[in-house]
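Novice:
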Amino acid sequence: MRTFFVVTCFAVLLTGCAAFEQSQERESTAMLMMTAAGQAEGLHDLRVPPSAVDDRAALIQAAEAALVSELAPLNVGRAEPASYPVQAAFMTTSARTDPTLHSRAGIGVIGWMPASRAENDLAARTAWSEVVEQAAARALPEGYETQPFEWIDVSAEGKKSARRVLRVQGPLCLDWSCVLDGAFTSREAPRLNPEGQMQRVQTPELAGHGEAESYTPVQANPLSVRRLTAQYLEVGNGQSQQYRMETQPLAEFDVSAFYLRLSAELPEWAFIFVGSENAVYDPVVPVVLHQGEELFFAVP
């Protein structure tokens with residue numbers, strides 16, 4: 007686990023959040039936040055010359071070199087070494103949206119969708135959701151099918167929010183008794199969706215689609231397949247009206263196999279981050295799933 011902590015620190019550096027002067031050390035904002043949260047034990051910042059502090063390319067090059075140096079002993083005897091540039095770029099994206107870095111308990115889909123696929127951020131939400139939904143439907147085991155289900159909740163103050171899930175029918179989900187949830191974007195009212203925000207960014211090299219700009223999700227959202235135990239409309243004070251779905255884990259469903267198939271069904275520019283302590287996928291160390299393969303942050 008020490009290796010994971012050391013590797014994780016480089017995400018801070020790749021965002022330009024932390025650097026060392028030759029004569030004086032200074033902690034990054036992310037390091038201070040993690041220290042306050044009791045999560046900084048074993049973390050080390052990367053030492054770079056002052057000339058590289060404001061040079062993003064130099065920081066990335068130094069971080070990748072340090073990753074290779076740190077993990078090289080663990081790659082001895084391994085036929086295919088870990089892909090360090092993929093890991094570094096992925097951590098950079100995470101650190102941009104979450105200064106405390108990936109949670110070790112986290113899991114979620116992230117990617118760099120070609121900007122040409124959407125006219126604006128709102129259209130990008132729908133386009134991204136379609137990509138993930140279709141991949142998820144194909145990743146279900148043989149004999150399963152899905153259909154979309156949407157609703158709009160209203161708060162007591164009259165504020166509306168839209169939700170969308172996929173109902174699932176199959177051997178473990180007879181009579182459409184399961185739900186596939188993944189922070190999908192409503193087709194009827196995308197502006198009311200509280201999740202699924204996208205932002206336009208410069209495309210990192212690892213996306214590989216050749217366009218200069220991409221849309222990427224602000225947050226890497228997880229997917230879940232759960233058994234539906236109850237559903238009802240809850241009407242409260244004022245204008246409050248909430249559609250409730252109560253679910254429980256689908257114990258017989260192989261979640262790890264589903265996520266690996268999902269990574270194979272996603273486009274080449276999409277990835278899945280898996281923290282080492284997440285509740286559904288069980289890697290020994292943090293990994294990135296891509297095109298049906300596990301890319302390790304640290305080699306076990």
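Numbering (my numbering), first residue to last: 7 to 306.
Think of the CB as a built atom: it goes at the ideal place given N, C-alpha and C, for glycine as much as any other residue.
1) Based on Cα-Cα distance, which residue from D127, Y150, L268 lies nearest to P196?
2) Determine which residues share a DSSP beta bridge with K166 and list them.
3) Tell me whether the beta-carbon of E271 lies closer than 7 Å to the beta-carbon of A168.
4) Residue range of the alpha helix (DSSP H) that W182 falls in?
5) Please name the residue, chosen from L295, G112, A129, that lies closest to Q205 on a Cα-to-Cα basis.
6) Confirm the yes/no value for this check: CB of F155, any heavy atom of the ligand NAP, distance under 6 Å.
7) In this structure, how does DSSP classify Y3 when only helix, strand and coil are distinguished?
8) Could you round the C-beta distance between V115 and N227 to whole angstroms and report it? I think they count as a contact, below 8 Å.
9) For a test of the three-state rule: what should DSSP assign to R131, helix, strand or coil?
10) Under the rule that 16 or more other beta-carbon atoms within 10 Å means buried, what is R250, buried or exposed?
11) Restricting to Cα atoms, I'd like to know which of R123, R267, Q297, T152 is closest to D187.
12) Along the chain, which unbroken stretches of the beta strand (DSSP E) at least 3 residues long are found entirely within the segment 208-283?
13) I need the straight-line Cα distance from V174 to R144, nearest angstrom please.
14) Just curious, the beta strand (DSSP E) that L1 is in, first and last residue?
15) Could you check if T209 is buried or exposed, using at least 16 other CB atoms within 10 Å of its CB as the buried criterion?
16) Does DSSP put P196 in a helix, in a strand, or in coil?
17) Can you say whether T222 is buried or exposed, counting buried as having 16 or more other CB atoms within 10 angstroms of its CB?
18) Cβ of W134 less than 7 Å from any chain B Cβ?
19) Could you compute how far the alpha carbon of E156 sits from the alpha carbon of V82?
20) Do V261 and F277 have their beta-carbon atoms positioned less than 7 Å apart in this structure?
21) Expressed to the nearest angstrom, what Euclidean distance is found between the alpha-carbon atoms of P147 and V138?
Specialist: The answer reads as follows:
1) D127
2) V160
3) no
4) Note, W182: premise wrong, no alpha helix (DSSP H); beta strand (DSSP E) at 179-187.
5) A129
6) Absence of the ligand NAP from the depicted structure is noted, as is the absence of any ligand whatsoever, leaving it without description.
7) Residue 3 lies beyond the range of the chain shown here (7 to 306); nothing can be said about it.
8) 6 Å
9) helix
10) exposed
11) T152
12) 219-223, 230-241, 247-255, 276-280
13) 12 Å
14) With the chain covering only 7 through 306, there is no way to say anything about residue 1.
15) buried
16) helix
17) buried
18) In the structure shown, chain B does not exist; there is a single protein chain.
19) 51 Å
20) no
21) 16 Å
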